[in-house]
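Below: the structure, in structure tokens.
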Amino acid sequence: MSPSPPASARTTLIMRAAVLIVLIFATLRGISQQSEIDSLELILENQKQTDSVRVNTLLKLSDALVFKNLGDAGKFAQEAMENSTALNWEEGLAKSYNQLGLIEYYKPDYEKSLNALHKALGYSKGVKNIILEASIHNNIANIYADLKDYDKALSNYRSNLTLAREAAAKKNELIALFNIATIKTEQKQYLEAINEFLICLEMANKKPFQAYIPTICNNLARTYQYIDDNKKALKYLKLGLSSAQENGNMYSQSVILRNIGELYVDENQMDNAREALLKSITISKNNSSLEWESLAWETLSKVYENQNRTTDALDAYKTHITLRDSILNEEKKSELIKKDLLFENEKAQTIALAEISRQKTLRNSSMLGGGSLLLATLIGLVLYKRRRDALSQKAEAEFNTKVADTELKALRSQMNPHFIFNSLNSINSFIAKNDKIAASDYLIKFAKLMRQTLENSEKKEIPLKDDLELLTTYLEIESKRLDKKFTFEIKLDTELDAENTLVPPLILQPFMENSIWHGIAPKNGPGHIVVDVQKKGNMIVYAIDDDGVGRNKENLVEKADQNKSLGMKLTKSRIDIVNKRKNSNGNVRVIDKDEGVRVEVELPLQLAF
Numbered sequence: 045m046s047p048s049p050p051a052s053a054r055t056t057l058i059m060r061a062a063v064l065i066v067l068i069f070a071t072l073r074g075i076s077q078q079s080e081i082d083s084l085e086l087i088l089e090n091q092k093q094t095d096s097v098r099v100n101t102l103l104k105l106s107d108a109l110v111f112k113n114l115g116d117a118g119k120f121a122q123e124a125m126e127n128s129t130a131l132n133w134e135e136g137l138a139k140s141y142n143q144l145g146l147i148e149y150y151k152p153d154y155e156k157s158l159n160a161l162h163k164a165l166g167y168s169k170g171v172k173n174i175i176l177e178a179s180i181h182n183n184i185a186n187i188y189a190d191l192k193d194y195d196k197a198l199s200n201y202r203s204n205l206t207l208a209r210e211a212a213a214k215k216n217e218l219i220a221l222f223n224i225a226t227i228k229t230e231q232k233q234y235l236e237a238i239n240e241f242l243i244c245l246e247m248a249n250k251k252p253f254q255a256y257i258p259t260i261c262n263n264l265a266r267t268y269q270y271i272d273d274n275k276k277a278l279k280y281l282k283l284g285l286s287s288a289q290e291n292g293n294m295y296s297q298s299v300i301l302r303n304i305g306e307l308y309v310d311e312n313q314m315d316n317a318r319e320a321l322l323k324s325i326t327i328s329k330n331n332s333s334l335e336w337e338s339l340a341w342e343t344l345s346k347v348y349e350n351q352n353r354t355t356d357a358l359d360a361y362k363t364h365i366t367l368r369d370s371i372l373n374e375e376k377k378s379e380l381i382k383k384d385l386l387f388e389n390e391k392a393q394t395i396a397l398a399e400i401s402r403q404k405t406l407r408n409s410s411m412l413g414g415g416s417l418l419l420a421t422l423i424g425l426v427l428y429k430r431r432r433d434a435l436s437q438k439a440e441a442e443f444n445t446k447v448a449d450t451e452l453k454a455l456r457s458q459m460n461p462h463f464i465f466n467s468l469n470s471i472n473s474f475i476a477k478n479d480k481i482a483a484s485d486y487l488i489k490f491a492k493l494m495r496q497t498l499e500n501s502e503k504k505e506i507p508l509k510d511d512l513e514l515l516t517t518y519l520e521i522e523s524k525r526l527d528k529k530f531t532f533e534i535k536l537d538t539e540l541d542a543e544n545t546l547v548p549p550l551i552l553q554p555f556m557e558n559s560i561w562h563g564i565a566p567k568n569g570p571g572h573i574v575v576d577v578q579k580k581g582n583m584i585v586y587a588i589d590d591d592g593v594g595r596n597k598e599n600l601v602e603k604a605d606q607n608k609s610l611g612m613k614l615t616k617s618r619i620d621i622v623n624k625r626k627n628s629n630g631n632v633r634v635i636d637k638d639e640g641v642r643v644e645v646e647l648p649l650q651l652a653f
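Per this note's numbering, the sequence shown runs over residues 45 to 653.
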């Protein structure tokens with residue numbers, strides 16, 4: 045039995061909306077027909093003895109089920125691993141852990157996938173199977189691609205290509221070329237990527253590689269979209285869909301249909317887009333592909349919004365967010381990064397030890413006497429300790445930076461439900477008053493605001509211009525809800541280039557919310573809010589001035605909420621993490637005035653270019 049070949053780059057390509065690209069098939073013989081599954085199950089039924097034949101059959105069956113039933117695929121791979129352990133068969137263990145890594149990768153659970161693949165790599169070292177080793181390295185490279193560390197991903201894919209050619213393994217060569225082309229697309233080397241995808245497609249048109257056609261066509265189409273050639277993009281998406289339907293590959297069908305829907309949105313063919321997206325959602329549900337179902341709902345919300353079906357648009361987007369939040373787990377991502385850095389650190393230390401050993405051998409060959417040998421050994425130990433400490437400090441610094449980024453993203457993701465909940469209360473207020481026109485107008489504005497907010501949640505920084513536009517929309521909505529109880533103005537320092545200045549998204553929103561609901565709302569008569577954005581050295585200072593009741597005059601409502609405001613707590617935590625990441629002194633100051641409150645938020649100035 046040949047080892048399980050590698051999965052391709054699960055690389056993210058960004059096309060006008062966040063779009064993940066389909067995985068190339070990790071099969072032993074392509075997408076198996078039901079008859080093959082039945083045949084393998086019959087072999088297992090008759091082959092009760094625990095031996096290498098049973099292990100290989102279990103792995104074949106697991107691989108045939110990957111795109112049909114991940115749960116069953118995992119059970120068979122687990123049994124293969126247990127059988128290999130009982131046999132003390134290293135090659136079987138390497139293959140089993142590789143298969144388990146692929147299954148976790150498709151769920152996706154990157155932490156478990158990386159753990160399994162590292163175990164597989166460890167067992168493969170003693171096997172001397174070039175194809176197996178290439179496969180495992182390739183799968184590890186996929187995770188680097190997902191983490192957007194494209195240089196490391198490309199390096200690993202090229203190593204895989206070298207090993208594949210050394211072994212004259214055409215399938216592995218095809219997959220390696222595909223992955224390299226995908227990474228080149230990420231690096232905006234579009235013409236090179238297209239040429240390599242076309243080579244891949246030519247290889248895939250020959251037996252037995254036809255099962256790879258849907259994925260190659262999908263990524264090729266995406267690359268054509270990058271250069272605004274939608275005609276060729278649609279041509280290859282339809283070719284890929286036809287191939288996926290012939291193979292019964294439900295996973296690729298759901299992905300390609302979703303991408304066809306997005307392309308039709310770009311072409312303003314909304315009826316065609318809706319039809320493709322609804323098909324994608326149905327197939328994704330049947331195949332338990334939460335990730336692709338989520339993305340299809342997101343694109344469908346744009347279709348409904350374009351057709352002025354605002355309620356349907358909002359429902360579709362809420363479904364997308366619910367599904368997306370169930371997929372994301374920031375703690376797991378943090379653990380993955382930590383394990384990855386530890387693995388790299390251990391590898392670097394091993395290399396350092398080997399180099400020191402080599403240097404010692406060279407010295408020993410030219411040195412005479414035990415004293416010289418002892419001196420060389422001590423020098424080697426000192427050099428090793430210094431190198432080890434430097435590597436450890438570097439790894440720790442990299443880890444702290446990545447964890448800070450992860451924590452920051454987690455805080456942003458908590459911020460969104462908090463903001464959305466408060467905004468939904470505004471809609472409910474209009475509905476309760478039976479003010480249909482106002483409710484409809486509010487809903488349209490809110491749908492756009494929510495989409496902008498959630499899209500920005502994936503970004504560390506956005507242009508100041510976009511953040512101020514978002515803040516303006518929020519203030520307009522809240523002013524409408526309070527029946528024009530307050531007016532507002534936004535001032536911008538002439539020294540600041542709003543399009544070139546980057547800021548954390550919605551950093552002011554919780555303080556603005558406090559001004560409106562704890563300052564202006566309880567006030568007798570109308571109020572006014574001023575947002576002033578100034579450049580101060582290498583810092584940017586936001587100032588929010590309101591003429592509300594202030595903290596000292598308020599009816600204990602503010603005092604009761606002072607320690608409970610989730611939005612303000614999250615914002616202060618976000619600023620703390622920004623300070624750690626950028627070694628800056630950003631802070632928040634709350635200044636009580638005779639009438640109202642002034643809040644100043646100071647952040648490090650960052651330019652886009």
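Built from N, CA and C at the ideal position, the CB exists for glycine as well. Predicted model, so just to flag it, every value in this text is computed and none were measured.
Check                                                                                                                                                                                        : Outcome
Secondary structure at Ile-551, three-state DSSP: helix, strand or coil?                                                                                                                     : coil
Keeping to the same chain, check which residues put their C-beta closer than 8 Å to that of Gly-413; ignore five residues upstream and five downstream.                                      : Note that Gly-413 has pLDDT 44, beneath the 50 cutoff, so the model's placement of it is unreliable and no number is given.
From the DSSP output, read off the bridge partner residues of Asn-631.                                                                                                                       : Glu-646
Below 8 Å on the Cβ atoms is my guess for Ala-340 versus Ser-328; work out the distance and round it to an integer in Å.                                                                     : 6 Å
Taking only runs of the alpha helix (DSSP H) that begin and end inside the region 293–321, which ones reach a length of at least 4 residues, in chain order?                                 : 294–310
By the three-class DSSP mapping on this structure, what secondary structure does Gly-640 have?                                                                                               : coil
Are the region 344–354 and the region 124–132 in contact at 8 Å, needing three or more beta carbon pairs?                                                                                    : no
Please identify the residue among Leu-515, Pro-258, Ser-140 whose C-alpha is closest to the C-alpha of Pro-554.                                                                              : Leu-515
Evaluate Asp-107 with the Cβ neighbour count: other Cβ atoms within 10 Å of its Cβ, from every protein chain shown; 16 or more gives buried, anything less gives exposed.                    : buried
Exposed or buried, Ile-584, counting other C-beta atoms within 10 Å across all chains shown (16 or more means buried)?                                                                       : buried
With distance defined between alpha-carbon atoms, name the residue in Lys-276, Arg-495, Lys-251, Lys-250 nearest to Asn-262.                                                                 : Lys-276
Can you tell me which of Glu-290, Gly-594, Gly-136 puts its alpha carbon nearest to the alpha carbon of Gly-166?                                                                             : Gly-136
Taking Ala-178 and Gln-143 to be in contact with their CB atoms under 8 Å, please state how far apart those CB atoms are, rounded to whole angstroms.                                        : That pair is no contact at about 15 Å.
Identify, in the order they occur along the chain, each residue of the same chain with its Cβ nearer than 6 Å to the Cβ of Glu-240, setting aside the five sequence neighbours on each side. : Leu-221, Ala-225
Can you give the beta carbon distance from Ser-628 to Val-622, rounded, assuming they're within the 8 Å contact cut?                                                                         : 7 Å
Using the three-state DSSP reduction, which class does Ala-212 fall into: helix, strand or coil?                                                                                             : coil
Are Ala-208 and Ile-227 closer than 7 Å when you measure CB to CB?                                                                                                                           : no
Give the DSSP-derived three-state secondary structure of Thr-229 in the structure shown.                                                                                                     : helix
DSSP on Phe-532, reduced to helix/strand/coil?                                                                                                                                               : strand
What's the C-alpha gap between Thr-531 and Ile-300?                                                                                                                                          : 48 Å
Can you list, in chain order, the stretches of the alpha helix (DSSP H) that have 4 or more residues and sit fully within the region 126–169?                                                : 134–150, 154–168
Along the chain, where does the beta strand (DSSP E) that runs through Lys-579 open and close?                                                                                               : 571–580
What is the DSSP secondary structure of Val-171, counted as helix, strand or coil?                                                                                                           : coil
Using three-state DSSP, classify Leu-278 as helix, strand or coil.                                                                                                                           : helix
Would you kindly report the start and end of the unbroken beta strand (DSSP E) that includes Ala-265?                                                                                        : From DSSP, Ala-265 is part of no beta strand (DSSP E) but of the alpha helix (DSSP H) over 257–270.
Just to check my reading of the structure: Asn-159 and Ile-184 have Cβ atoms closer than 8 Å, yes? What is that Cβ distance to the nearest angstrom?                                         : The pair is not a contact, with the Cβ atoms about 11 Å apart (cut-off 8 Å).
Among the candidates Asp-589, Leu-552, Asp-590, His-562, whose CA atom is the shortest distance from the CA of Leu-647?                                                                      : Leu-552
In whole angstroms, give me the CA-to-CA distance for Lys-279 and Ala-265.                                                                                                                   : 8 Å
For the alpha helix (DSSP H) that Ala-542 lies in, which residues bound it at each end?                                                                                                      : Where Ala-542 is concerned, there is no enclosing alpha helix (DSSP H), given that its DSSP letter is neither H nor E.
What separation, rounded to the nearest whole angstrom, lies between the Cα atoms of Gln-231 and Asp-193?                                                                                    : 11 Å
Spatial neighbours of Asp-589 within its chain, please: CB distance less than 6 Å, with the 5 preceding and 5 following residues excluded, ordered by chain position.                        : Val-574, Arg-642
With burial defined as no fewer than 16 other Cβ atoms inside 10 Å of the residue's Cβ, what is the status of Ile-619: buried or exposed?                                                    : buried
Assign Val-97 to buried or exposed, taking buried as 16 or more other Cβ atoms, counted over all protein chains shown, within 10 Å of its Cβ.                                                : exposed
Exposed or buried, what is Leu-519 when buried is set at 16 or more other beta-carbons lying within 10 Å of its beta-carbon?                                                                 : buried
Bridge partners of Val-585, per DSSP?                                                                                                                                                        : Gln-578, Glu-646
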